[in-house]
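With mature numbering (1 follows the signal peptide of the UniProt record, and there is no 0) as the guide, the letters of the sequence shown map in order to residues -22 to -1, 1 to 703.
Backbone N, C-alpha and C fix where the C-beta goes; we use that ideal spot for every residue, glycine too.
In this text the structure is predicted, and so the values were computed from the model without any measurement.
This report refers to the structure that appears directly beneath it.
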Amino acid sequence: MRVPVKLLGFVVWLLCLNFGQCRDCLRSDIIYENIVPVSDASYADGKTAKVFCQIGFTGIYILKCENGKWSERVGRTCKKKKCSHPGDAANADFKLLDGTEFVFGTTVVYTCKKGYEMTSRSNKRTCTSKGWDNSVPECEAVKCPAILTNRDVIASGNTKEGNYGEVIHFECASSEKKIDGSRDIRCTETGDWSAPVPNCIAVTCELTSNVDVKRVVPEGKTIFRAGERVTITCTEKTWLKSKETSRRFTCQDDGQWDYNPVCEVITCEPPSRDQHVSTYFWRTWKLDESKNYECDSGYYKKAEVATCTRDGLTPKPLCAGMCARPDIPNAKIEGVPRQNYSTASTLRYKCNPGFEPEETVEITCNPQAQWTGLQQCTAKREDCHDLSVKNGFIYSQSLNKKEILYSCNKGYKPFTGEWWSSVTCVKGSWSDVPLCIPEEECGALPSVQNGKLKLKDQETAEVDCDPGFISSTPSIKCISGTWETPTCNEGVKCGIPPYVGNSGITSKPKAFYIHGSSVTYTCRNPFVMIGKSTVFCSNGKWEETPTCEARCLRPHENYMVLATDKDTYQDKEILNYQCMKPYDKIPEGEWICENGKWTGDFVCTSDICPPPPYIENGSHFSRNPDDKMPTEVYYECQAYYVLSERKQYYRCENGRWETPPKCLKPCQVTQDILEAHNMRPDQQTGYIKHGDYVDYYCQHRLIVRTGHYKKATCSDGKLEIESCE
């Protein structure tokens, strides 16, 4: 069988050779990209060749030689092999050097994030025919060298080997020394600390020389240790930033003075544009310096010269506004008219006959140089314009046309009436607009006794009853063109609110309480309220009342550490505490809560007194100025401030100071405050101390009531003003 086949093939070859119809296919004619060249240089007609892709590419071609030309039987293009995700590195980012896909030949480069450094040998990974080469790089936090300090310096934090971003905090072992350098340093991205390790130096404050200082106590001393004090008195025309002429300053634990101990020349800033001074002044003024000045057009001078005082430039204001005579058509000004009027002055005028308003009008020139209360005189209009009624008709009117009656066409009804209505002419205007609406629509809301209605939408209105009244329904509806009838019935009253032990009510008692009214309970110390403090009367019954239970409040002591930190403690509850240094002669103890009070002896004591307590807007002075650790002090407030209580001395016993007083604030009486309360002062405005008062008298329509004086009393920075009404 095999011999005939070979014979047949030979015959075919012979025919091709004789007739020139069968040709070979050449290897050079295979021109695909990224392939491995086939092994033979040529292939006979009918032969098949497999073409494989280069390493790193995937695909295959199967070609058949047909009469000298390649015919593609299978064709899968050679494409780059894909790699999986290269892998994320902790504390690093990566990016492709070229392209957008993870394919053969692609390289990714890893970069450590700020504060981290590469510990791997290579920061690259390349996609090969077998996948990614190398391992995912590793980035470790940058390390900073160990912190070494001397005995004076205490360092807290990771001092052995700091990581990037970590902070080392430094303090001095002795309270008599301070850090010279940075208190906090940070490990940077370069592996270096942000600043050198600091040292501790003695805490001192330096007092610089100042020619404006009149006296220094103690005299001649310029370097002061923490806690030491110096008293400075300024010369006659200078003061401190606090606007005091003398003050005691304390060197604090941080080496800084509690206030800046510098005397400055008392000066006044040149007047600003909003003061309407037309004269230009280019420099500050010294104390008691006076200068001539001129005012802008429309303003007048309050004094011949402006003077620099401790309270600024006087007079205040330098220039007061003026109002030009108003041009009021159809009016006559009473008295002799002037061209200009000063602020706060008044002018009265009356409209000519036939014009309104008929009564005399009074206007005032305000501080902005504008007239207030101005009304134009308009011609009186007696008659109203003619009316027409859409979808209705007028069937009656009075002889003087002051009132008309109208009705509506079939299918319509008046908006405000039943099936007819009326409107009245009052001073040239109709009391209402006659309006006819379809019968199926609802018109004006009905009236409700002891309440009012509020339209919610076109078909619903909410019922709002007066205090003490309740409605059976919260709202009414429009049904077939008619509103439901609203009612507000008197609610059942409540009697005296229920008694709650150890409490009181914040308002005066009443014989009865109407529906909706409320009372507020308050517990006496040291009882704590359980439940809502405010209860309401609801149709004859009081809501559930609160109770007052005995509780102890959390003790606020600066010398102890509490075992439990709560705001309140129950009766019989035990509170353990530990004493803090240097108040730890007896290191610990306990208190018991009994009937709202703590029982047990307070035993956190010390032989050392801390610096006296600071008070805002005031200073303390030692009974003996030479004491380095004073145990008795007295307090003084700065100018215009007043002590809340005045004791001769405040003492320190067992390491604890008596509670210091407060400096109560002064009040500023300004022209704006006076005008806002419709009053005129009996003396010049300015500052008044706590407890002092200023007399004033009321004005009505800017006509002074001279019968009685009123008082404006200062209470810790707030003016308590008797009403002019």
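For Asn270, the pairing in a beta bridge is given by DSSP as Val283. The beta-carbon separation of Thr512 and Ser495, rounded to 11 Å, does not stay under the 8 Å limit for a contact. DSSP places Gln649 in the helix class (H, G or I) of the three-state scheme. The C-beta distance from Ser98 to Glu79 rounds to 24 Å, too long to fall under 8 Å, and the pair is not in contact. The C-beta distance from Trp520 to Pro475 rounds to 6 Å, short enough to meet the 8 Å contact threshold. Arg326 sits in a strand when the DSSP states are folded into three classes.
Setting aside the 5 residues that flank it on each side, Cys501 is surrounded in the same chain by Asn480, Ser481, Met507, Cys526, each with a C-beta closer than 7 Å to its C-beta; the list follows chain order.
A Cβ-Cβ separation of about 6 Å places Glu154 in contact with Ala180 under the 8 Å criterion. For Leu126, the closest of Lys108, Pro174, Thr168, Thr85 by C-alpha to C-alpha distance is Pro174.
Runs of the beta strand (DSSP E) lying entirely within the segment 65 to 105 and spanning at least 3 residues, in chain order: 70 to 74, 85 to 90, 94 to 96.
Secondary structure of Arg5 (DSSP, three-state): helix. Judged by DSSP in its simplified three-state form, Asp252 adopts helix. Contact annotation: Ile146 and Ile157 have beta-carbon atoms that are not nearer than 8 Å.
In this structure Ala67 touches Val114 by the C-beta definition: roughly 5 Å separates them, less than 8 Å.
Taking C-beta atoms as the reference points, Ser409 and Val401 count as a pair closer than 8 Å. Collapsing the DSSP output to three states places Ala654 in a helix. Of the residues Cys571, Pro565, Glu614, the one whose Cα lies closest to the Cα of Thr583 is Pro565. For the 8 Å CB-CB criterion, Tyr555 and Gly574 do not form a contact. CA-to-CA, the gap between Asp543 and Ala133 works out to about 29 Å. Comparing alpha carbon positions, the residue from Ser516, Glu272, Lys221 closest to His254 is Glu272. One alpha carbon belongs to Asn188, the other to Glu594, and they sit about 26 Å apart. In the three-state reduction of the DSSP assignment, Lys59 falls in the coil class, being assigned neither a helical nor a strand state. Here Arg1 really is in contact with Asp23; their C-beta atoms are around 6 Å apart, less than 8 Å.
Rounded to the nearest angstrom, the gap between the Cα atoms of Val87 and Leu74 is 7 Å. In this structure the segment 661 to 675 lies against the segment 632 to 648, because at least three pairs of beta carbons, one per stretch, are closer than 8 Å. Per DSSP, the beta-bridge partners of Thr546 are Leu531. Secondary structure note for Met538: its beta strand (DSSP E) is the uninterrupted segment 538 to 540. In summary, Leu352 is exposed, with fewer than 16 beta-carbon neighbours lying within 10 Å of its beta-carbon over all protein chains present. Apart from sequence neighbours up to five positions away, the residues of its chain that approach Trp398 with a beta-carbon distance below 6 Å are Ser385, ordered along the chain. Taking the C-beta atoms as reference points, Ile454 is found no nearer than 8 Å to Val470. Boundaries of the beta strand (DSSP E) harbouring Tyr499: 496 to 501, taken from the DSSP string. In the DSSP annotation of this structure, the continuous segment of the beta strand (DSSP E) that includes Asn554 starts and ends at 552 to 557. Residue burial is scored here from C-beta neighbours: Gly109 has fewer than 16 other C-beta atoms within 10 angstroms and is therefore classed as exposed.
Straight through space, the alpha carbons of Phe30 and Arg51 are spaced by roughly 14 Å. With the rule of 3 Cβ pairs closer than 8 Å, the segment 255 to 262 does not count as touching the segment 615 to 625.
Setting aside the 5 residues that flank it on each side, Lys640 is surrounded in the same chain by Ser622, each with a C-beta closer than 6 Å to its C-beta; the list follows chain order.
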